[in-house]
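*Asks:* Mapping of the sequence shown onto my numbering: position 427 corresponds to residue 633, and the numbering continues sequentially without gaps.
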Amino acid sequence: MRRRSGAPRGIRHRYISGVIAPPPTIDGDFVSGLWPRSCAVIDVDSRPLLLLLATLVSLLTAGVLTHALKSARSRDRVLGWGWVFAGAVAVGTGLWSIQALALLGSQLGSSQNFTFKAIALAWGASVVAAGAALIAAREIASARLRLWTLPPLLSVIFGAALGVSVNVLPASSTLAGWSVPWSAVALLLLGASTVVALWGSHGAAGQANEDTRLHAAAGICALGIGLAAAHAMALHGMRFGPTAEPAAPVAGLDALGLVMAASVGALAVAIAVLSAWFDGRNRAHTRSLATSLNEANIQLRRQAFCDPLTALPNRLLFEERLHQTLQRVGRTPSAMAVLFIDLDGFKPINDSFGHAAGDVVLREVGARLLDLAGQSGTAARVGGDEFLLLVPQPGNAEGAAAVAQQALQVLGRPYKLPNRGEVKLSCSIGIALFPEHGSTAKLIANADAAMYAAKRTGGSTYAFFEARMDLDVREQVEMQTELRLALERNQLKLYYQPKIHGASGQVTGVEALIRWDHPVRGLMSPEVFIPVAERFGLIGHIGNWVIEESCRQIRQWLDLGLRMRVAVNLSMHQLRQDDLVPRIRRALDAYRVDPALLTFEITESVAMEDTQATMRSFGHLARVGASLSIDDFGTGYSSLAYLRKLPARQLKIDRGFVADVEHSSDALAVVDAVIKLAHALGLKVVAEGVETERQRDVLLGLRCDELQGYLFARPMPAQMLTVWAMNGEDDAHDIEFRHSLFAGHVPSALQ
207 MRRRSGAPRG IRHRYISGVI APPPTIDGDF VSGLWPRSCA VIDVDSRPLL LLLATLVSLL
267 TAGVLTHALK SARSRDRVLG WGWVFAGAVA VGTGLWSIQA LALLGSQLGS SQNFTFKAIA
327 LAWGASVVAA GAALIAAREI ASARLRLWTL PPLLSVIFGA ALGVSVNVLP ASSTLAGWSV
387 PWSAVALLLL GASTVVALWG SHGAAGQANE DTRLHAAAGI CALGIGLAAA HAMALHGMRF
447 GPTAEPAAPV AGLDALGLVM AASVGALAVA IAVLSAWFDG RNRAHTRSLA TSLNEANIQL
507 RRQAFCDPLT ALPNRLLFEE RLHQTLQRVG RTPSAMAVLF IDLDGFKPIN DSFGHAAGDV
567 VLREVGARLL DLAGQSGTAA RVGGDEFLLL VPQPGNAEGA AAVAQQALQV LGRPYKLPNR
627 GEVKLSCSIG IALFPEHGST AKLIANADAA MYAAKRTGGS TYAFFEARMD LDVREQVEMQ
687 TELRLALERN QLKLYYQPKI HGASGQVTGV EALIRWDHPV RGLMSPEVFI PVAERFGLIG
747 HIGNWVIEES CRQIRQWLDL GLRMRVAVNL SMHQLRQDDL VPRIRRALDA YRVDPALLTF
807 EITESVAMED TQATMRSFGH LARVGASLSI DDFGTGYSSL AYLRKLPARQ LKIDRGFVAD
867 VEHSSDALAV VDAVIKLAHA LGLKVVAEGV ETERQRDVLL GLRCDELQGY LFARPMPAQM
927 LTVWAMNGED DAHDIEFRHS LFAGHVPSAL Q
């Protein structure tokens with residue numbers, strides 16, 4: 207016997223010329239059948255390597271089996287059954303490779319010839335066993351049986367497959383008997399390793415351990431070692447006897463061929479392990495995305511239904527709770543009451559102590575109302591300082607009034623501020639009862655109307671809804687519908703009231719004042735329809751129209767040779783529009799208007815409502831080139847620290863102080879202080895509402911820069927103002943027009 211050149215190490219070939227030599231005896235008990243002319247024999251030194259390879263394949267197979275067992279129990283039928291079939295092939299191939307390598311590594315298979323039929327039968331038995339195990343796992347999950355019924359079942363299935371494979375693989379021997387102790391040990395190893403594997407992937411409670419990689423790795427290792435050890439115990443406990451000698455050589459694989467086939471099977475199992483790993487990664491990523499999406503949905507729902515500042519329900523959730531309460535209490539008299547609560551005097555807290563202090567107060571109000579609502583009621587925040595309180599089954603109107611009185615007392619207690627100071631607030635409450643005061647769809651609106659009625663009486667009280675209040679609400683709804691049509695039909699007009707230079711009596715510009723030329727009600731003042739526009743979200747459209755129309759009129763005056771400066775009022779809604787400055791630029795460019803001819807007036811209360819936002823908006827407007835003015839100065843709660851930083855060039859004294867300046871020393875002192883303060887800050891002062899010569903004389907004595915009021919001219923249409931400003935025949939005033947004090951060169955006489 208000699209080693210054939212190029213043969214793999216550990217594989218020896220026996221050549222006997224002209225004869226077929228018998229193989230060596232096994233255990234001295236029997237002689238194998240006929241051999242082919244050339245047969246590979248496993249070297250004794252190579253058997254440990256084959257056993258080690260079988261162990262490695264066991265670990266790979268355990269990894270695929272663990273993943274397949276988990277995936278086969280999926281609620282998705284396509285995914286579950288897909289892994290049953292794919293896992294059966296992959297795991298069965300792995301089991302067969304383990305059996306083949308273990309047999310070759312033992313003394314039994316070192317010099318055997320293996321028929322294709324026996325190999326196919328062994329592989330089929332392994333695949334069927336793996337499929338049965340996966341189907342059993344899926345059925346156990348479907349029947350919601352305890353997962354720990356699976357290990358003994360797997361032990362029996364895999365043990366049977368092992369016995370079939372080891373029996374049929376060797377072509378030259380047959381199973382003569384089993385060693386019961388060794389077979390029992392093999393089954394126990396299979397069961398124990400399966401238990402450890404299930405513990406690693408599902409924990410003690412049977413719940414999937416999706417994120418415990420250490421447990422999963424330990425379970426896979428235990429199952430792999432258990433599979434390898436079970437094969438070793440099973441082979442050790444099997445007794446084989448001789449078979450009848452075949453009449454002719456049997457076609458099949460020798461030891462080398464079976465090693466190669468088992469290696470291909472091991473490679474297939476390795477590929478299956480990679481596929482399982484990628485599948486696990488993708489499923490983990492999908493779970494992560496699903497978790498993130500669920501958290502995002504929860505967050506969106508929280509944002510959609512909860513107030514971010516107070517964590518109370520918002521209007522949407524309150525309406526949902528309203529309908530839920532209706533289903534619970536029915537339509538009995540006074541089944542529930544809705545209290546609409548508005549804080550009195552909250553704005554000065556924001557202006558004087560800052561928004562941080564205001565937020566503290568609002569959160570405390572929310573907490574107090576939440577306690578007042580209790581388990582059965584609902585408290586919600588629906589606006590800046592507006593809250594709703596749902597009271598199920600108050601009993602009657604007296605019961606609802608008692609809750610309202612309690613709310614007045616609770617909210618009237620002092621509030622601690624961040625600077626350790628304290629403030630006290632009152633509130634106005636409107637009450638609407640169901641079903642007495644309307645359906646659930648109108649209950650909040652009716653409570654709102656009742657709250658406004660309580661506020662008009664001076665606040666710090668409550669009022670029940672009455673039918674006449676509904677008429678007011680209906681009138682406002684009808685007015686907003688007509689106001690939308692007025693925008694489409696060009697029923698809005700701009701009137702212009704001149705501003706007069708105090709020292710010279712010359713015209714320095716005009717203020718644009720909007721009017722509604724209603725086809726039925728006639729000319730309507732903005733005090734009537736602007737609140738409706740603000741309440742129903744039309745103020746932005748109206749404000750944009752005013753800017754566009756003012757620029758158009760300035761261009762028309764310029765074409766007539768009249769350089770007229772126009773002041774336009776801006777609302778807080780417009781200041782919050784992101785496209786305000788671009789709109790102004792487009793209007794100026796479209797009508798070729800010098801930005802210096804535009805002045806934007808913002809009321810003091812609006813300017814101080816959000817000082818940071820106001821400063822940003824003023825900065826953008828100043829960069830356009832327009833002038834800025836603080837309107838109604840003296841009625842708000844201005845902070846001088848912010849006032850001096852605003853790029854305003856003008857202050858307008860509120861008409862209320864001007865009206866009292868003749869006979870009120872307090873009003874006179876306020877006007878005098880405002881003028882001196884403005885001049886100290888480099889600002890011009892305009893006094894509006896001047897109606898008497900005495901008021902004019904006092905203001906001129908205090909060195910007020912400009913005057914505006916009925917004493918000089920009422921608001922008039924553009925055409926009439928054109929004639930008036932150019933000293934036409936219709937002019938009843940001896941007033942000359944000059945360039946604005948804020949545009950271009952200013953004559954020395956006007957300074």
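Glycine included, every Cβ here is placed at the ideal spot set by N, Cα and C. All values reported here derive from a predicted model rather than from experimental measurement.
Where Leu266 and Ala496 are concerned, what is the direct C-alpha to C-alpha distance, given to the nearest angstrom?
*Replies:* Cα to Cα, the separation comes out at about 30 Å.
*Asks:* Which partner residues does Leu698 have in the DSSP bridge list?
*Replies:* In the DSSP output, where bridge partners are listed per residue, Leu698 has Trp722.
*Asks:* Would you mind sorting Tyr147 into buried or exposed? The rule is 16 or more other CB atoms within 10 Å of its CB.
*Replies:* Given that the chain is displayed from residue 207 to residue 957, the structure contains no residue 147 and the question cannot be resolved.
*Asks:* Which residue's Cα is closest to the Cα of Gln682: Val263, Ile736, Trp302, Asp872?
*Replies:* The shortest Cα separation from Gln682 among Val263, Ile736, Trp302, Asp872 belongs to Ile736.
*Asks:* According to DSSP, is Lys890 helix, strand or coil?
*Replies:* In the structure shown, Lys890 sits in a strand (DSSP, three-state: E or B).
*Asks:* Classify Thr809: buried if its beta carbon has 16 or more other beta carbons within 10 angstroms, exposed otherwise.
*Replies:* Thr809 comes out buried.
*Asks:* Considering Val774, what are the terminal residues of the beta strand (DSSP E) in which it resides?
*Replies:* Note, Val774: beta strand (DSSP E), 772-775.
*Asks:* Per DSSP, what kind of secondary structure is Lys276 in: helix, strand or coil?
*Replies:* It is helical.
*Asks:* Buried or exposed: Met685, going by 16 or more other Cβ atoms within 10 Å of its Cβ?
*Replies:* Result: buried.
*Asks:* How far does the alpha helix (DSSP H) with Glu754 in it extend, from its first residue to its last?
*Replies:* Where Glu754 is concerned, the enclosing alpha helix (DSSP H) stretches over 745-765.
*Asks:* By how many angstroms is the C-alpha of Gln703 removed from the C-alpha of Arg791?
*Replies:* Approximately 25 Å between the Cα atoms of the pair.
*Asks:* From Ile650 to Ala579, what distance separates their C-alpha atoms?
*Replies:* Approximately 17 Å between the Cα atoms of the pair.
*Asks:* Would you kindly check if the distance between the Cβ of Pro801 and the Cβ of Leu794 is under 8 Å?
*Replies:* Cβ atoms of Leu794 and Pro801: closer than 8 Å.
*Asks:* In chain order, what residues of the same chain lie with their CB nearer than 6 Å to the CB of Met657, ignoring the 5 residues before and after it?
*Replies:* Within the same chain, Met657 has close Cβ partners Phe546, Asp548, Ser634, Gly636.
*Asks:* By the three-class DSSP mapping on this structure, what secondary structure does Val585 have?
*Replies:* At residue 585 the sequence reads Ala, which differs from the Val that was named. The answer is strand: DSSP assigns Ala585 an E or B state.
*Asks:* Cβ of Asp911 within 8 Å of Cβ of Val892?
*Replies:* The answer is yes: Cβ separation under 8 Å.
*Asks:* Under the rule that 16 or more other beta-carbon atoms within 10 Å means buried, what is Arg208, buried or exposed?
*Replies:* Bear in mind that the predicted position of Arg208 carries a pLDDT of just 39, short of 50, making it unreliable; the figure below should be weighed with that in mind. Classification for Arg208: exposed.
*Asks:* Distance, Cα to Cα, Ala294 vs Lys276?
*Replies:* Each residue's alpha carbon lies about 13 Å from the other.
*Asks:* According to the neighbour-count rule (16 or more other Cβ atoms, all chains shown, within 10 Å of its Cβ), is Val896 buried or exposed?
*Replies:* Buried, by the Cβ-count rule.
*Asks:* Less than 8 Å between CB atoms is the rule here; does Thr714 satisfy it with respect to chain B?
*Replies:* Note that chain B does not occur in the displayed structure, where there is just one protein chain.
*Asks:* Using the beta-carbon count (16 or more within 10 Å), is Ala453 buried or exposed?
*Replies:* Residue placement at Ala453 cannot be trusted, given a pLDDT of 44 that sits under 50; what the coordinates show is reported in the next sentence. Classification for Ala453: exposed.
*Asks:* Taking Cβ to Cβ, would you say Ile720 is nearer than 8 Å to Val752?
*Replies:* In contact: Ile720 and Val752 (Cβ atoms closer than 8 Å).
*Asks:* Determine, using beta carbons only, whether Ala585 and Val270 come nearer to each other than 8 Å.
*Replies:* The answer is no: Cβ separation not under 8 Å.
*Asks:* What residue range does the beta strand (DSSP E) around Thr805 cover?
*Replies:* Segment 804-809, the beta strand (DSSP E) holding Thr805.
*Asks:* With DSSP collapsed to three states, give me the class of Pro624.
*Replies:* Pro624: coil per DSSP, three-state reduction.
*Asks:* Would you call Ile325 buried or exposed, if buried means 16 or more other Cβ atoms sit within 10 Å of its Cβ?
*Replies:* Burial call: buried.
*Asks:* In terms of DSSP beta bridges, what is His707 paired with?
*Replies:* DSSP, once it has assigned bridges, lists Glu912 as partnering His707.
*Asks:* Using the beta-carbon count (16 or more within 10 Å), is Leu887 buried or exposed?
*Replies:* Under this definition Leu887 is an exposed residue.
*Asks:* Residues in its own chain within less than 8 Å of Asp513 by CB, not counting five upstream and five downstream?
*Replies:* If we look at Asp513 and ignore the five residues flanking it on each side, its Cβ neighbours are Pro519, Asn520, Gly572, Ala586, Arg587.
*Asks:* How long is the line joining the alpha carbons of Val263 and Leu499, rounded to whole angstroms?
*Replies:* Cα to Cα, Val263 sits roughly 39 Å from Leu499.
*Asks:* Any contact between the segment 485-495 and the segment 326-340? By contact I mean 3 or more CB pairs, one from each, below 8 Å.
*Replies:* The segment 485-495, when compared against the segment 326-340, does not touch it at the 8 Å Cβ threshold.
*Asks:* Taking three-plus beta-carbon pairs below 8 Å as touching, is the segment 829-839 in contact with the segment 856-868?
*Replies:* Short answer: they touch.
*Asks:* Quick one: grab the DSSP three-state call for Gly601.
*Replies:* In this structure, Gly601 counts as coil in the three-state DSSP scheme.
*Asks:* Pull up the distance between the alpha-carbon of Gly589 and that of Ser777, whole angstroms please.
*Replies:* Approximately 18 Å, taken between the alpha carbons.
*Asks:* Taking just the CA atoms, how far does Glu501 sit from Asp282?
*Replies:* Roughly 23 Å between the two C-alpha positions.
*Asks:* Assign Pro853 to one of three DSSP states: helix, strand, or coil.
*Replies:* Of the three classes helix, strand and coil, the one that applies to Pro853 here is coil, per DSSP.
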